[in-house]
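This note's numbering runs 1 ahead of the 1-based position in the sequence shown.
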Amino acid sequence: MTAVATRAANQSYRKVLRNRRVAALLLGDLIASVGTGMILVAMPVQTLSIHGSVAKALAIGMVEAAPFVLSTVLALSIGLGRVRIPPRTLLIADCTLRALTFAWLGLLALTDRLTLPVLVAGLLLGATFRMAGSSSRRLLATSLVDDSGRFAVNGLLGLNTTFALYIVGPVLGGLIAASTSPGVALISDAAGALILLATVVAAAPRAVEAQNAVKRPPSHESGWRILRRRPVAARLLFVEFFFNFLYMPVEIALPLYVRAKLDLDATALGLMWGALGVGAFVGASLVNQLRHLPQRHVLVAVIALWALCPITLAAVSSRPAAMVVFGLGGLVYAPFTPVVYSFLQSGLAPDEQQQVVTLWTTGAMVAAPLGLAAGGPLIELAGITGGLVLSGTLTLLLVPIAAVAVLRGPRDVAAR
2 MTAVATRAAN QSYRKVLRNR RVAALLLGDL IASVGTGMIL VAMPVQTLSI
52 HGSVAKALAI GMVEAAPFVL STVLALSIGL GRVRIPPRTL LIADCTLRAL
102 TFAWLGLLAL TDRLTLPVLV AGLLLGATFR MAGSSSRRLL ATSLVDDSGR
152 FAVNGLLGLN TTFALYIVGP VLGGLIAAST SPGVALISDA AGALILLATV
202 VAAAPRAVEA QNAVKRPPSH ESGWRILRRR PVAARLLFVE FFFNFLYMPV
252 EIALPLYVRA KLDLDATALG LMWGALGVGA FVGASLVNQL RHLPQRHVLV
302 AVIALWALCP ITLAAVSSRP AAMVVFGLGG LVYAPFTPVV YSFLQSGLAP
352 DEQQQVVTLW TTGAMVAAPL GLAAGGPLIE LAGITGGLVL SGTLTLLLVP
402 IAAVAVLRGP RDVAAR
């Protein structure tokens, strides 16, 4: 099938949302993402209040990295090994464990009994299904539509992420952390996980999943072996890993940047994330229009334009200017994930989806704890401004590597 024919067959957002199961699942994802967005602000604020003798940047790095450790082990077992757990089951397990853990951590925070070791341990255990659950959301949602609806579903998932995770969530999280306690944000995230759990049970009943399993028995081939047959996709995974790795120091530097350089509080930190989200929401809204452009070139351009964001951020010292810079960063970054996953899934057989998408998600997300682990010492040594500049400069150096890795080779279906 030609690229032109494929684009013409793609459904609109409105048509996909007429499917009530898809609409319900996306609504649950939206609400749960608001809670997660609140945590983006609440966790650093909570950490700064209980870090004790641990250096601030190192403490934030530990808290941010903890949710990735055990979840990486499980996700790699699915992507690289023969472990096969239905996406619906994984998502239910993720929602249940997350709700219980964050409710417990929130109560400890509200009663002033939360310590840094307890917070790290709680996030470590409570996020066991985090990566597998993230890929399961995408797999479950795209399984409810045919091939022509996949691009729209991926785009709508991107809109959910940008609107809830980077606009509403952080602003609410900053306001709550400043006016009450970060513990309230933790409990709110637990409530969002319960709502997503309810929508998964209602929108994707076990009978539907069992029927799909009969039609498409799971493959025992590992995700890496499948990915090796698609060299462009494999090279792009390598690029995306380092793109995410080099971004993570920004997350550590941002709360320190707001507090030290802008001399502002948690509300301003929430507004900064909100600015990123507004830009990302606009960018995600334009994804359908970008499908007419060569997608490889779009991905390389995103990397180059994002690299300028932390460099420029380091040069400004007022809240309005910082919000504009971060907002533009969100605008240019937003198309990356929907475009990547759409053409990745388009070349996979149904029985190959779980292991490859899980491996891809893990490869992208595992860069986060590694980047956070490196980001803490980097910010301590280079300082807030120096760390931001270094993050952007190294990302710029990734651009020619990305161009060679992504633009060379045959124009197969994965690289449309």
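All residues carry an ideal CB built from backbone N, CA and C; glycine is no exception.
How would you call D190, buried or exposed, if buried means at least 16 neighbouring beta carbons within 10 angstroms? buried
Reduced DSSP secondary structure (H/G/I, E/B, other) of D413: For D413, the predicted structure reports a pLDDT of 44, less than 50, and the residue's modelled location is therefore unreliable. A value from the coordinates is still provided. If DSSP states are grouped into helix, strand and coil, D413 belongs with coil.
Kindly indicate the opening and closing residues of the alpha helix (DSSP H) around V154. D148 to N161
Among residues of its own chain, excluding the 5 on either side of A133, which ones have a beta-carbon nearer than 8 angstroms to its beta-carbon? S72, L75, A76, I79, I86, L91, D95 and T359
Relative to the C-alpha of V55, which candidate in F164, L117, G330 and A179 has its C-alpha closest? L117
Enumerate in chain order the residues of its own chain whose CB-to-CB distance from V17 is below 8 angstroms, with the five nearest sequence positions on each side excluded. V23, V146, G150, A153, V154 and L157
Excluding the 5 residues flanking L141 on each side, which residues of the same chain have their C-beta closer than 8 angstroms to its C-beta? L26, P88, R89, L92, V201 and A205
Helix or strand or just coil, what does DSSP make of D266? coil
Cβ of A192 within 8 angstroms of Cβ of G36? yes
Which residues in the same chain as E381 place their Cβ atom closer than 8 angstroms to its Cβ, once the five residues preceding and following it in sequence are excluded? A56, A58 and L59
So for E222, helix, strand or coil by DSSP? coil
I93 - containing alpha helix (DSSP H), residue span: P88 to L111
Just how far apart, CA to CA, sit A285 and Y14? 12 angstroms
If I follow the unbroken alpha helix (DSSP H) through H298, where does it start and stop? Q296 to A316
Out of curiosity, what's the CA-to-CA distance linking T48 and V121? 10 angstroms
Range covered by the alpha helix (DSSP H) that runs through Y334: R320 to Y334
Can you find the residues in the same chain that come closer than 8 angstroms, C-beta to C-beta, to L399, ignoring five residues on each side of it along the sequence? V240, F243, F244, L247, I304 and A308
Going by beta-carbon coordinates alone, are L124 and V64 separated by less than 8 angstroms? yes
Please report how far the alpha carbon of A323 lies from the alpha carbon of P351, in whole angstroms. 44 angstroms
Could you tell me the alpha carbon to alpha carbon distance between L166 and H52, rounded to whole angstroms? 25 angstroms
Contacts around A315, its chain only, beta-carbon distance under 6 angstroms, and the 5 residues preceding and following it disregarded: T386, L389 and V390
Pairwise C-alpha distance: G38 and L300: 25 angstroms
Check whether the Cβ atoms of G280 and G331 sit closer than 8 angstroms, and answer yes or no. yes
Would you say the beta carbon of C310 comes nearer than 7 angstroms to a heavy atom of the ligand GDP? Among the components of this structure there are no ligands whatsoever, and the ligand GDP is therefore not found.
Report the start-end ranges of each alpha helix (DSSP H) in the region 8-47 that is 4 residues or longer and not cut off at the edges. 14-18
Going by Cα to Cα distance, which pick from A276, V259 and V333 is closest to L287? V333
Can you give me the Cβ contacts of A254 inside the same chain, cut-off strictly under 6 angstroms, excluding the 5 residues immediately before and after it? I380, I385, G388 and L389
So which of V42, L31 and A194 has the shortest CA-CA distance to A104? A194
Verify whether the separation of the beta carbon atoms of L115 and L101 is less than 8 angstroms. no
Locate the alpha helix (DSSP H) running through V70, then write down its first and last residues. V70 to G80
Could you give the distance in angstroms between the alpha-carbon of L272 and the alpha-carbon of E222? 45 angstroms
Does the beta-carbon distance from G275 to I177 come in below 8 angstroms? no
Whole angstroms is fine: what's the gap from A365's alpha carbon to L371's? 11 angstroms
Between G184 and A267, is the Cβ-Cβ spacing less than 8 angstroms? no
Around the Cβ of R260, are there at least 16 other Cβ atoms within 10 angstroms (buried) or fewer (exposed)? buried
Over the uninterrupted alpha helix (DSSP H) stretch that includes T143, give me the two end residues. R131 to S144
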